[in-house]
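This report concerns only the one structure given below.
In this note's numbering, the protein residues as written are 32 to 492.
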């Protein structure tokens, strides 16, 4: 009986073990977990367990190599746009408004450099769209006014205090500022910055002028010139009047005159600085060709300092000065073989070659092609008159740039008078034929040459 019961117990235990083993293969649980689950009833079976593949099945591949269980991708995080659009402010900050007003006050006082810095400071902040456009325009005007004032030679600025008129025994009359007066003679600084000394033998008498008398005389001259330029307004005339005020320290009237000149001929006045920059650049290239590196370097620095925004300043900044101060050693002439014609050697100092102009940036020729035929004979007569004085002005202008000229200042003044007459003739022709582009181009070139001569003049009439 006992052996039979033992056999039955072994059979029951074997069946339970086999069932546990099969269930373990299906669920992946241990025997203890299975038994605890049977004891816990529904509590243990309520927790879902992911199925585990049998050892006979290979596991799913893992991205990037290797094997293992693949995790489902995480949901993308909910974020806003990477660069949200910045909306311009509807109103300008009161602090920036105060800076803009300070810049406008400096403009009215003739302090264009300081005004430009104020406008740049305002543009660095957040401005309303309308205010930003207005400040950018103010900054451009301040930059242009500053460059136009810089064209005036400081030596031509004569103080209103201490002016004298010196009458010489040879009937000469000298006007200037008294520098020194002694028993031996007198020293006077003239308009062109030259310090003139006259001995007591040369001087007949000296007439000292009071500041009030000088200001009254300058005001009368100013009103006379203003009435003349107002009859037929042109930007170049208003600019010349502004230069007259700068030379005589009538600075309060300069901003309004420059504003009027720029409003009439902005493109012409913007080209003045570019034209003078081109002259300095050509001089730099000329000295390079001569082998004078010191003079070339001085012209380069002057060009970059006076006209930093010019294209010629940018061209000069990228050019390396390789010229030498000492003249290059000439190689010995090569003797040709007998029976061959000798080749003429090149000249010792070939003329300098100007650099090729930038494509698309060089101004067109003055005449822009051959002169057309005009239907109105009056226009033809005026154009021929303008051409005659234009050619005369070019002759004197070229002579004034010659180092061997006896009186370059006098040649420059002759060129200035000729270009004035040329401008008057072209302007009258343009009034009769306003749609003719040939006349307009010729007039613009004559006006540019006129301004160039006026700024280069050492004396004023």
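From the three backbone atoms N, C-alpha and C, an ideal C-beta is built for every residue, glycine too.
Between the CA atoms of residue j and residue i - distance to the nearest angstrom
i: residue 267; j: residue 161; result: 31 Å
i: residue 403; j: residue 180; result: 38 Å
i: residue 417; j: residue 445; result: 15 Å
i: residue 250; j: residue 208; result: 19 Å
i: residue 235; j: residue 195; result: 13 Å
i: residue 292; j: residue 211; result: 39 Å
i: residue 408; j: residue 437; result: 41 Å
i: residue 133; j: residue 153; result: 10 Å
i: residue 332; j: residue 341; result: 13 Å
i: residue 477; j: residue 298; result: 14 Å
i: residue 123; j: residue 149; result: 15 Å
i: residue 512; j: residue 301; result: A query on residue 512 cannot be resolved here, the shown segment of the chain reaching from 32 to 492 and no further.
i: residue 450; j: residue 420; result: 6 Å
i: residue 128; j: residue 138; result: 15 Å
i: residue 415; j: residue 426; result: 17 Å
i: residue 469; j: residue 296; result: 18 Å
i: residue 36; j: residue 46; result: 15 Å
i: residue 151; j: residue 206; result: 43 Å
i: residue 254; j: residue 327; result: 44 Å
i: residue 53; j: residue 104; result: 33 Å
i: residue 126; j: residue 452; result: 52 Å
i: residue 277; j: residue 256; result: 14 Å
i: residue 345; j: residue 339; result: 8 Å
i: residue 159; j: residue 140; result: 26 Å
i: residue 244; j: residue 283; result: 18 Å
i: residue 237; j: residue 204; result: 10 Å
i: residue 50; j: residue 44; result: 10 Å
i: residue 246; j: residue 262; result: 25 Å
i: residue 391; j: residue 316; result: The predicted position of residue 391 is uncertain, since its pLDDT is 43 and thus under 50; no value can be drawn from it.
Close beta carbons around residue i, own chain, < 7 Å, minus the five adjacent residues each side
i: residue 147; result: 170, 173, 174, 177
i: residue 474; result: 454, 457, 458, 461
i: residue 233; result: 199, 200
i: residue 230; result: 215, 216
i: residue 273; result: 285, 288, 289, 292
i: residue 471; result: 461
i: residue 348; result: 335
i: residue 442; result: 427, 430, 431, 436
i: residue 411; result: 405
Distance cut-off 7 Å: residue i Cβ against heavy atoms of the ligand NAD
i: residue 128; result: What this structure holds is no ligand at all, so the ligand NAD is not there to describe.
Start-to-end residues for the beta strand (DSSP E) that takes in residue i
i: residue 236; result: 234 to 239
i: residue 218; result: 216 to 220
i: residue 209; result: 204 to 212
Burial state of residue i, where buried means 16 or more other Cβ atoms lie within 10 Å
i: residue 228; result: exposed
i: residue 252; result: exposed
i: residue 484; result: buried
i: residue 279; result: buried
i: residue 48; result: exposed
i: residue 287; result: exposed
i: residue 164; result: exposed
i: residue 515; result: Examination of residue 515 is not possible in this model, given that the chain is present from 32 through 492 alone.
i: residue 166; result: buried
i: residue 325; result: exposed
i: residue 309; result: buried
i: residue 314; result: buried
i: residue 311; result: buried
i: residue 258; result: exposed
i: residue 281; result: buried
i: residue 189; result: buried
6 Å Cβ shell around residue i - same chain, five flanking residues per side excluded
i: residue 303; result: 482
i: residue 192; result: 242
i: residue 428; result: 446
i: residue 145; result: 137
i: residue 220; result: 207, 208, 210, 226
i: residue 423; result: 449
i: residue 439; result: 431
i: residue 270; result: 292
i: residue 413; result: 456, 459, 460
8 Å Cβ cutoff, residue i in contact with chain D
i: residue 266; result: Annotation note: the requested chain D is absent from the structure, which comprises a single protein chain.
Residue range of the alpha helix (DSSP H) that includes residue i
i: residue 134; result: 125 to 139
i: residue 408; result: 408 to 431
i: residue 283; result: It is not in any alpha helix (DSSP H) - residue 283 carries neither H nor E in the DSSP assignment.
i: residue 461; result: 439 to 463
i: residue 337; result: 324 to 337
i: residue 345; result: 342 to 348
Close beta carbons around residue i, own chain, < 8 Å, minus the five adjacent residues each side
i: residue 264; result: 291, 295
i: residue 40; result: none
(message) Restricting to runs no shorter than 4 residues, where is the alpha helix (DSSP H) found entirely within the stretch 148 to 200?
(response) 160 to 181
(request) List in chain order: all unbroken beta strand (DSSP E) runs of 3+ residues lying wholly within the stretch 225 to 279. (result) 226 to 230, 234 to 239
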